[in-house]
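Be aware that the sequence shown starts at 0, since it is given in numbering that gives the first Met the number 0, and climbs by one per residue.
Heads up, the beta-carbon is just placed ideally off N, CA and C, and yes, glycines get one too.
Worksheet: one structure, shown below.
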Amino acid sequence: MGKIIIAGAGGFIGGHLTKELTVLGNQIRAVDIKPLNKWYQINPKAENLVLDLREKENCYNAVNGFDEVFNLAADMGGMGFIETHKAACMLSVLINTHLLMAARDKGIKRYFYASSACVYNGEKQSDPNNQGLKESDAYPALAEDGYGWEKLFSERMCRHFREDHELRTRVARFHNVYGPYGTYDGGREKAPAAICRKIIEAKLFDKKEIVIWGDGHQTRSFMYIDDCIKGILDIMNSDIEEPINLGSSEMVSINQLVDYVEEIASHKLKRKYDLNAPKGVRGRNSDNTLIRKYLHWEPSISLKTGLKKTYDWIEQQVIASKENDNRKIIFNE
Ligand code: NAD
Numbered sequence: 000m001g002k003i004i005i006a007g008a009g010g011f012i013g014g015h016l017t018k019e020l021t022v023l024g025n026q027i028r029a030v031d032i033k034p035l036n037k038w039y040q041i042n043p044k045a046e047n048l049v050l051d052l053r054e055k056e057n058c059y060n061a062v063n064g065f066d067e068v069f070n071l072a073a074d075m076g077g078m079g080f081i082e083t084h085k086a087a088c089m090l091s092v093l094i095n096t097h098l099l100m101a102a103r104d105k106g107i108k109r110y111f112y113a114s115s116a117c118v119y120n121g122e123k124q125s126d127p128n129n130q131g132l133k134e135s136d137a138y139p140a141l142a143e144d145g146y147g148w149e150k151l152f153s154e155r156m157c158r159h160f161r162e163d164h165e166l167r168t169r170v171a172r173f174h175n176v177y178g179p180y181g182t183y184d185g186g187r188e189k190a191p192a193a194i195c196r197k198i199i200e201a202k203l204f205d206k207k208e209i210v211i212w213g214d215g216h217q218t219r220s221f222m223y224i225d226d227c228i229k230g231i232l233d234i235m236n237s238d239i240e241e242p243i244n245l246g247s248s249e250m251v252s253i254n255q256l257v258d259y260v261e262e263i264a265s266h267k268l269k270r271k272y273d274l275n276a277p278k279g280v281r282g283r284n285s286d287n288t289l290i291r292k293y294l295h296w297e298p299s300i301s302l303k304t305g306l307k308k309t310y311d312w313i314e315q316q317v318i319a320s321k322e323n324d325n326r327k328i329i330f331n332e
């Protein structure tokens, strides 16, 4: 059992990770810049701190006396956010840089960094029938402008801190993660949550039409949060030193994603395609050869199974916010 810091614990993945590591009996210091009433999950067994981790001094104070760091803190969101907030996305470099320096100087034993499929070369994602991005496809580098370049640079910082300072860094490239207790409105939400919310609202408010970003033929794979948490912990505790994909290889088009959610909702809508909306690359999928080789495992929760749980949670939130305009915070034990 360890003494573990989770940066970005008030967010979607950090909240789930805090819950899991607390259940496993670890001592957790959970840190996020957001005020506590905006955290998706608050764990009373963790020490919950509100700190801006772009500030070097806050990073040194946060890691003091602890053993491991999971860095899931970033100023990020779906395509609608990252295409319009490139400078803000790049400034997350301060979080990882200062956390790495603090980890090095305060004797942290292991360090996890949450990277992204947005590091991959855009030219390798122009075909909707993407055969799966291999880890080597990040180079020659042509990452997603802003957000992707920050991730690629921060991956390399982790590598050099490992090589030069013997800090055990581990890096996973997440491919679209979804599930309950995450962003589903406000402009930072990603496709699965956005489509669930739009269909739920259409049902509740008797709307006949759904607006889809792009022509609906662009493809992605989506990883359910439980697979993501298992992968993070297994990668952190492994000897895998180079960045590795952590994603589902069940690729679907956005139209198929909408079909699945309509099926869950038992509600069909007329589709209107907004070709001017941010839509990202044409085709993206995760090649899981390496993770299968190292961990003898890969994310396997089906999209239909994960979407049902996500849809049910978002439906509760939309109904609750309609009633009292407050996001429900869960105090998990
Ligand atoms: P999220 O936005 O829900 O969580 C990130 C958290 O970081 C937020 O709660 C935010 O307040 C916090 N944060 C931002 N700036 C901070 C600062 N200066 N100091 C302290 N905390 C700060 O996002 P998420 O989906 O949970 O993503 C977690 C990590 O995984 C991020 O690094 C993200 O880039 C990466 N990632 C996520 C996905 C995905 O599909 N969700 C895909 C690829 C990579």
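Beta-carbon proximity of residue i to residue j, cut-off 9 Å
i, j, result
"D31", "A8", "yes"
"P179", "W38", "no"
"L245", "P298", "yes"
"F65", "I12", "no"
"A61", "I3", "no"
"A142", "Y119", "yes"
"R187", "I234", "no"
"H174", "A116", "yes"
"K189", "G76", "yes"
"G305", "S252", "no"
"L98", "A171", "no"
"R103", "L166", "yes"
"L232", "K321", "no"
"Y293", "I243", "yes"
Per-residue DSSP class, three states only, for residue i
i, result
"D136", "helix"
"K123", "helix"
"I253", "helix"
"S114", "strand"
"F221", "coil"
"R103", "helix"
"E56", "helix"
"N129", "coil"
"V280", "coil"
Own chain partners of residue i with C-beta closer than 6 Å, once the 5 adjacent residues on each side are dropped
i, result
"G10", "none"
"E314", "I199"
"M78", "P277 and G279"
Same chain only: Cβ atoms within 8 Å of residue i, ignoring 5 sequence neighbours per side
i, result
"E67", "G1, K2, I3, I4, I107, K108, R109, Y110, F111 and M235"
7 Å CB neighbourhood of residue i in its chain, flanking five on each side removed
i, result
"K123", "L132 and D136"
"K267", "E261"
For this session: Would you check if the region 209 to 217 and the region 251 to 259 touch, i.e. whether three or more CB-CB distances between them fall below 8 Å?
Result: Touching, per the Cβ criterion.
Problem set entry | Stretch pair the region 145 to 155 + the region 268 to 276: three plus CB contacts closer than 8 Å | no
Exercise. Is there contact between the region 89 to 105 and the region 122 to 132, where contact requires at least three CB pairs shorter than 8 Å?
Worked result: no
Exercise. Unbroken alpha helix (DSSP H) runs of length 4 or more, entirely within the region 283 to 327: which are they?
Worked result: Complete alpha helix (DSSP H) runs here, min 4: 288 to 294 and 302 to 323.
Problem set entry | Whole alpha helix (DSSP H) elements within the region 137 to 165, 4-residue minimum | 146 to 164
Problem set entry | Residue ranges of each alpha helix (DSSP H) within the region 27 to 72, 4 or longer | Within the region 27 to 72, complete alpha helix (DSSP H) segments of at least 4 residues are found at 55 to 62, given in chain order.
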